[in-house]
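Scroll down for the structure; my scribbles are underneath it.
Numbering (this note's numbering), first residue to last: 15 to 375.
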């Protein structure tokens, strides 16, 4: 693990403001800063970054509505509002922005069905449900939203395979599963998840290379070393995958000359994959890296400092899934014609629950 090279890569990336690549990333600049700062903190190198410049940039991106944008001159969005709050939490400087306005902005994006729009234009996605509760949790203001409706919406996005999609009836995807398990962890509703069924789906994401993909029939990608692994950690099933093979895959994605991590071996590195490669190694127990929190993707010591420790598996009541049930589930999936999602969901959820209950008996 080439930590010095990775730290040099991140430290240099933000200083190359005339580079074509830097210019192209303006539309997600706030999240890019979060990726860079978080990985530097995990590597014990946060002091190398320009704290004052970053804080001034964040202040310039807060709008009158309270929301925060990716860069100056861009529209505010929940994604970048969360990134900004995470950055300021790293720096213990949350009060440099108008916190009350941020809270009002997030609260105002909740819809009647409990979901959250990402911004004023109204796109609905479980990612935004996570962003909303993560932001409010970091600010100590979870009580301002309709929590019952928010939980109800996220649970409506749970599928027959134990996973979650972006909206009700959408395909299960590891990124959405991370967001939904993180949401349920923050809101104290993890007991609503069938950890064994979901854990099985997540473990199926590991490929012969050792890498993880986000959904069936896709290529492995280092970023899923975070989305999949963090979700497994949250539900207490991280020991179900081959950790040694995954570690080897992640390390193979390093660029030994420039530093940084790519999505796959031999591809171009970027800050996004560098954070999630290093964070994945932290979840795997690499002692060269600071412990990372699987819900917030922030160093554990930061969350301890602000007194925030989400529950992981304390409230689980899990239904065991044995080989007979898996064979039954796979056979049933093969026989089920698509795309009647409602019928499929009800039928296979019943199969999973009954199979688990019989196994317990």
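Note that CB positions come from ideal geometry on N, CA and C, so glycine has one too.
- Excluding residues up to 5 positions away in sequence, 243, 247 lie with their Cβ nearer than 6 Å to the Cβ of residue 297 in the same chain.
- CA-CA distance, residue 258 to residue 15, rounds to 14 Å.
- The region 96-105 and the region 135-151 touch, with no fewer than 3 CB-CB distances between them shorter than 8 Å.
- Of the residues assessed, residue 110 falls on the exposed side of the cut-off, its CB having fewer than 16 other CB atoms within 10 angstroms.
- Counting C-beta atoms within 10 angstroms of its own C-beta, residue 141 has 16 or more neighbours from the protein chains shown and is therefore classed as buried.
- Less than 7 Å divides the Cβ of residue 92 from the Cβ of residue 132.
- The Cβ neighbour count for residue 83, taken over all protein chains shown within 10 Å, is at least 16; the residue is labelled buried.
- Using a 10 angstroms sphere on the CB of residue 230, the tally of other CB atoms stays under 16, which defines it as exposed.
- Looking only at 321, 322, 316, the smallest Cα-Cα distance to residue 104 is reached by 316.
- DSSP, read as helix, strand or coil, puts residue 262 in helix.
- Taking C-beta atoms as the reference points, residue 54 and residue 24 count as a pair closer than 7 Å.
- The alpha carbon of residue 26 has as its nearest neighbour, out of 223, 50, 176, the alpha carbon of 50.
- Between the beta-carbon of residue 171 and that of residue 181 there is about 6 Å, and that keeps the pair under the 8 Å contact cut.
- As a beta-bridge residue in DSSP terms, residue 83 pairs with 90.
- If you draw a straight line from the Cα of residue 292 to the Cα of residue 22, it comes to about 14 Å.
- DSSP places residue 221 in the coil class of the three-state scheme, outside both helix and strand.
- If you ignore the 5 residues before and after residue 33, its C-beta comes within less than 6 Å of no other C-beta in its own chain.
- Beta bridge pairing from DSSP links residue 33 with no other residue.
- Contact between residue 309 and residue 200 is confirmed by a C-beta separation of about 6 Å, below the 8 Å threshold.
- Boundaries of the alpha helix (DSSP H) around residue 50: 43-56.
- Comparing C-alpha distances from residue 221 to each of 278, 271, 295, 167 shows the shortest one belongs to 278.
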